[in-house]
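Chains as they are written, first to last, in the numbering used here: chain A, 1 to 251; chain B, 252 to 448.
Given below as structure tokens:
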């Protein structure tokens, strides 16, 4: 078995950052996984071009997990390859690990952590922090989890190999999205009055009315999400088109 | 993550001389794009060029009406960007296809993969260029706008942002605890804001 040195770990980690570089509708992140595995595969198949080519061909087939948790699959596959496990077994493993990695990552990162970081940054700004503090807070907070997940995934994948699916199911990551729901809802609620006053820029009775409007609309959005989501996008879009059209013809 | 509107907006604003205005343009776009989730092979707004374009519209003019036009312009650029991403994904499928190849070498894969990334960079640059090229038309449209429109523009932005925050909470969960957290956050902050003012 090839040793996963610090340098090799770093190379896998850096290459995992580019996993979506050639994202496409046929193999999705397949070429990205192959690209990330190159350092390990080259080492394992040194002096045997034909088996390296065959191995690369296999690893550029379909794969589509969450990009931040791709290190779990990359490291587990690297270990399976280094233990010379059966090629079909490795392909089956890749096919099986896609769903849990996608599901956990999408719920945790895209649906919870990213909105939470964005809204917290916005909250900071509206509470009076300078713009650069809000930006820095977003980048630091978001990327702490982003890179944390990648490093953790690399470690877990290499340690567990083809058993990583079981380890993943028992990890706290599965329950984390549910735990982030309450803070995210509270921050979204807290933003309503702040955003209302920030956009409205009024004081006294004016503040009360814009805050009231924002609170009612927030409830309406939550009550009828499908219609409200479309309205929230199309109304400013159409209004801005009308403004530009009128501005250039009438006024 | 520097392509998120909340970062791309102020950075573009910094280049144009008003990062705070850029933050506002980015912030509204950020809230409107909260539910644009890049899951699976879904298509979603290209928020980086969208935020840059919105900031470029908002910074020179300022005011609620300009912010409304900037957000509308940003949404259009975001959509245009999502279509361009769709096209590059088709192109990538050909670029990294291994069918019919005798040997897939590390060099071949590396070159193809990096070429796909270069194409994406070029795509984003073209979208941003097109958006900036279209800017004078938007500016002409806004040139004669009466200040009367500011109140209406503020109301529209308020409606959009508030609705989308509600939508975001609803799409996460529908249980009582989530609703309670949303309500407590809103009411406590409202009291605090009114008390401080």
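All C-beta atoms, glycine included, are put in the ideal place defined by N, C-alpha and C.
Just verifying my parser: in three-state terms, what is the DSSP assignment at residue i?
i	result
residue 24 of chain A	strand
residue 142 of chain A	helix
residue 68 of chain A	helix
Taking C-alpha atoms, which residue in the options lies nearest to residue i?
i	options	result
residue 38 of chain A	A:217, A:27, A:57, A:20	A:57
residue 295 of chain B	B:307, B:404, B:281	B:281
residue 142 of chain A	A:89, A:121, A:127, A:129	A:121
residue 23 of chain A	B:273, B:291, B:264	B:291
residue 9 of chain A	A:190, A:78, A:62	A:78
residue 70 of chain A	A:106, A:84, A:52	A:106
residue 213 of chain A	B:430, B:407, B:448, B:422	B:407
residue 108 of chain A	A:63, A:52, A:172	A:172
residue 264 of chain B	B:279, B:283, B:309	B:309
residue 351 of chain B	A:54, A:164, A:221, A:83	A:54
residue 289 of chain B	A:42, A:27, A:49, A:64	A:64
residue 348 of chain B	A:124, A:236, A:194, A:27	A:27
residue 90 of chain A	A:49, A:67, A:62	A:62
residue 425 of chain B	A:224, A:153, A:157	A:224
residue 413 of chain B	A:168, A:235, A:114	A:235
residue 74 of chain A	A:227, A:134, A:19	A:19
residue 438 of chain B	A:211, A:169, A:177, A:139	A:211
residue 345 of chain B	B:364, B:405, B:357, B:353	B:364
residue 161 of chain A	A:16, A:189, A:82, A:17	A:82
Start and end of the alpha helix (DSSP H) containing residue i?
i	result
residue 85 of chain A	Premise fails: residue 85 of chain A is in no alpha helix (DSSP H) and is neither H nor E.
residue 5 of chain A	Element bounds for residue 5 of chain A: n/a, residue is neither H nor E.
residue 433 of chain B	427-447
residue 118 of chain A	114-126
residue 337 of chain B	315-346
residue 401 of chain B	400-423
residue 19 of chain A	Neither: residue 19 of chain A is in no alpha helix (DSSP H) and is coded neither H nor E.
residue 57 of chain A	49-59
residue 257 of chain B	256-267
residue 178 of chain A	176-200
residue 298 of chain B	298-312
residue 275 of chain B	270-283
residue 46 of chain A	Where residue 46 of chain A is concerned, there is no enclosing alpha helix (DSSP H), given that its DSSP letter is neither H nor E.
residue 351 of chain B	Neither: residue 351 of chain B is in no alpha helix (DSSP H) and is coded neither H nor E.
residue 167 of chain A	164-169
Name, please, each residue of chain A whose Cβ falls closer than 8 Å to the Cβ of residue i.
i	result
residue 408 of chain B	199, 236
residue 444 of chain B	193, 194, 197, 207, 211
residue 400 of chain B	243
For a contact defined as C-beta to C-beta under 8 Å, what are the partners of residue i on chain B?
i	result
residue 187 of chain A	436
residue 190 of chain A	436, 437, 439, 440
residue 42 of chain A	357
Could you name the residues of chain A that residue i contacts, counting a contact when the two beta carbons are closer than 7 Å?
i	result
residue 312 of chain B	Going along chain A, no residue has its Cβ under 7 Å from residue 312 of chain B, so there is no contact; the nearest lies around 11 Å.
residue 346 of chain B	22
residue 323 of chain B	236, 237, 239, 240, 241
residue 316 of chain B	243
For residue i, return the contacting residues in chain B, with the cut-off set at a CB-CB distance below 7 Å.
i	result
residue 214 of chain A	409, 413
residue 35 of chain A	360, 361, 364
residue 218 of chain A	413, 416, 417, 437
residue 71 of chain A	Ordered by position in chain B, no residue passes the 7 Å Cβ test against residue 71 of chain A, which lies about 17 Å from the chain.
residue 184 of chain A	423
residue 53 of chain A	354, 355, 356
Applying a beta-carbon distance threshold of less than 9 Å, which residues of chain A neighbour residue i?
i	result
residue 319 of chain B	236, 239, 240, 243
Could you work out which residues of chain B lie near residue i, taking near to mean beta carbons separated by less than 9 Å?
i	result
residue 57 of chain A	349, 352, 354, 355
residue 74 of chain A	Those do not exist, as residue 74 of chain A stays about 14 Å from chain B at its closest Cβ, beyond 9 Å.
Along the region 280-309 of chain B, where does the CB come closer than 8 Å to a CB of chain A? Name the residues. If the cut-off is 8 Å between Cβ atoms, the region 280-309 of chain B has 281, 282, 283, 285, 286, 288, 289, 290, 291, 292 near chain A.
Determine which residues of the region 13-31 of chain A have a Cβ less than 8 Å from any Cβ of chain B, and write them out in chain order. In summary, the residues of the region 13-31 of chain A whose CB is separated from some CB of chain B by less than 8 Å are 18, 21, 22, 23, 24, 25, 26, 27, 28, 30, 31, in the order they occur in the chain.
For the region 107-118 of chain A, which residues have a CB atom closer than 9 Å to at least one CB atom of chain B, in sequence order? Cβ contacts with chain B: 110, 111, 112, 114, 115, 117, 118.
Contact residues within the region 122-143 of chain A, judged by C-beta distance below 8 Å to chain B: Within the region 122-143 of chain A, contact with chain B at the beta-carbon level (separation under 8 Å) is assigned to 122, 125, 131, 132, 134, 135, 138, 139, 142, 143.
Please list the residues of the region 372-384 of chain B that have a C-beta atom closer than 9 Å to any C-beta atom in chain A, keeping them in chain order. Cβ contacts with chain A: none found.
Chain B contacts from the region 220-242 of chain A (Cβ-Cβ distance under 7 Å): Taking 7 Å as the Cβ-Cβ cut-off against chain B, the residues of the region 220-242 of chain A that qualify are 220, 221, 222, 225, 228, 229, 231, 232, 233, 235, 236, 237, 239, 240, 241.
Given a limit of 7 Å on CB to CB distance, which residues of the region 416-428 of chain B reach chain A? Of all residues in the region 416-428 of chain B, 416, 417, 418, 419, 420, 421, 422, 423, 424, 428 have a Cβ within less than 7 Å of some Cβ in chain A.
Pull out every residue of the region 257-281 of chain B whose Cβ sits closer than 7 Å to any Cβ of chain A, in chain order. Here the close residues are 257, 258, 261, 270, 271, 274, 278, 281.
Residues in the region 353-364 of chain B with C-beta within 9 Å of chain A's C-beta atoms, listed in sequence order? For the region 353-364 of chain B, residues whose beta-carbon sits nearer than 9 Å to a beta-carbon of chain A comprise 353, 354, 355, 356, 357, 359, 360, 361, 363, 364.
Which residues, in order along the region 322-341 of chain B, keep a beta-carbon less than 8 Å from a beta-carbon of chain A? Here the close residues are 322, 323, 324, 326, 327, 340, 341.
Under 7 Å (Cβ pairs) to chain B, residues found in the region 78-91 of chain A: Going along the region 78-91 of chain A in chain order, one finds no residue with a Cβ nearer than 7 Å to chain B.
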